[in-house]
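K.L.:
Have a look at the structure that comes next, please.
Residue numbers (mature numbering (1 follows the signal peptide of the UniProt record, and there is no 0)): -31 to -1, 1 to 245.
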C-alpha cells in the first residue's frame, strides 16, 4: 500500500488500477498451497505451473506436468516404509545379499574395463558400486513401476515434506527440459531414477555422461548410472585408496548415500565380498 500513498495526488484512475493490479499479481505469486489428499492436487498443479514458468521452466517440462496425476501409491509407500526397521541380518536377507555378491563378482569380471576406468577417475572401487547397483534395482532389472514426474509432483504437493520435494520437482523439470529425463519415465515410488535410483536433484548435481552419448541416461545406460554413483560418493568425501568399512575413512561417503544404518553396513559388507 505504500506505493499508492506515496503519490496519490498525481495518480490518474488508470494508474491506480495498474498499481492495484500489480499488487494483486504479487499476491498470486505466492507459493502453491500443499495438501494432504487428492482433493486439492489439480488446483495446486495449475498454481505451481505458473510459478515454474516464472522461474524459467520450458514448454517441454510444463506440458509434462499436465500429464501428472495424484500418485496415491506413492503416498502409501511414503507412509509405510518398514524395511529400515529390520536388523542387519534381516535386512541383508531381505535384500538378497548373497545373490548380489555372487552376481556382482561375475559382473565385475564382465565389466572390468568400465570399473577400472571408474576407479581411476573417481577413486571408487567396484565393490561398493556393485553393491549399490544390486541392492537398488537388482542390477537394473527392476527400477520401479510408478510415473516418475507424478510421484515427485505428488510429494511436492503433499504437506509432509513439501519443501524438500518441491526442490526435487524443479530438478526433474530441468532434466526433462534438457532431455535427460523422459516425461513418461517410470521409476520408484519417491521419484528415484534409473539403475542406482537417484533422486532428480542428485542427477543434476552428480549425474555423469559415462558412455559419451551426450545425455545422462540413468535408466538405460549402466555406464551413466555407475559413473554418476561414483561421482556421488566422491562428492560425499570419498578418498582414493581408503577403506570403506565402519570406522574407516570412506564409510562416511556410504552414509551420504543412505541415512539408514543397516543400508550403510550392507553396502560395506557386500562391497568387501565383491572386491575380495
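The beta carbon of each residue, even a glycine, is placed where N, CA and C say it ideally should be.
1. In three-state DSSP terms, what is residue 214?
2. Candidates 193, 167, 97: which alpha carbon is nearest residue 244's?
3. Where does residue 220 fall in DSSP's three states?
4. Thinking just about the alpha-carbon of each residue, which of 68, 13, 46 is nearest to the one in residue 239?
5. Using the beta-carbon count (16 or more within 10 Å), is residue 45 buried or exposed?
6. Spell out the partners DSSP gives residue 127 in its beta bridges.
7. Less than 8 Å between the beta carbons of residue 101 and residue 73, yes or no?
8. Can you confirm whether the segment 80 to 90 touches the segment 190 to 197 when touching is taken to mean that 3 or more C-beta pairs between the two stretches lie within less than 8 Å?
9. Using the C-alpha atoms, what's the distance from residue 186 back to residue 220?
10. For residue 137, name the three-state secondary structure that DSSP assigns.
11. Does DSSP put residue 156 in a helix, in a strand, or in coil?
12. Going by DSSP in three states, residue 148 sits in which element: helix, strand or coil?
13. Secondary structure at residue 17, three-state DSSP: helix, strand or coil?
14. Find the nearest neighbour of residue 232 within the set 203, 78, 104, judged by alpha-carbon distance.
15. Output the boundary residues of the alpha helix (DSSP H) element that contains residue 28.
16. Closest by CA to residue 215, which one among 202, 208, 230?
17. Which residues does DSSP pair with residue 115 in a beta bridge?
P.N.:
Judging by the given coordinates:
1. Correct three-state label for residue 214: coil.
2. For residue 244, the closest C-alpha among the options 193, 167, 97 is that of 97.
3. DSSP places residue 220 in helix when its eight states are reduced to three.
4. Here the closest residue by C-alpha is 68.
5. Residue environment for residue 45: exposed (fewer than 16 other C-beta atoms within 10 angstroms of its C-beta).
6. As DSSP reads the structure, residue 127 sits in a beta bridge with 4.
7. No; because the gap between Cβ atoms is not below 8 Å, this pair is not in contact.
8. They touch, by the three-pair rule.
9. The straight-line gap from Cα to Cα measures roughly 27 Å.
10. If DSSP states are grouped into helix, strand and coil, residue 137 belongs with the helices.
11. Three-state result, residue 156: strand.
12. Three-state DSSP puts residue 148 in coil, outside helix and strand.
13. The answer is helix: DSSP assigns residue 17 an H, G or I state.
14. The shortest CA-to-CA distance from residue 232 to any of 203, 78, 104 is the one to 104.
15. Boundaries of the alpha helix (DSSP H) around residue 28: 28 to 35.
16. Comparing Cα-Cα distances from residue 215 to each of 202, 208, 230, the minimum goes to 230.
17. When beta bridges are read from the DSSP output, residue 115 appears opposite 156.
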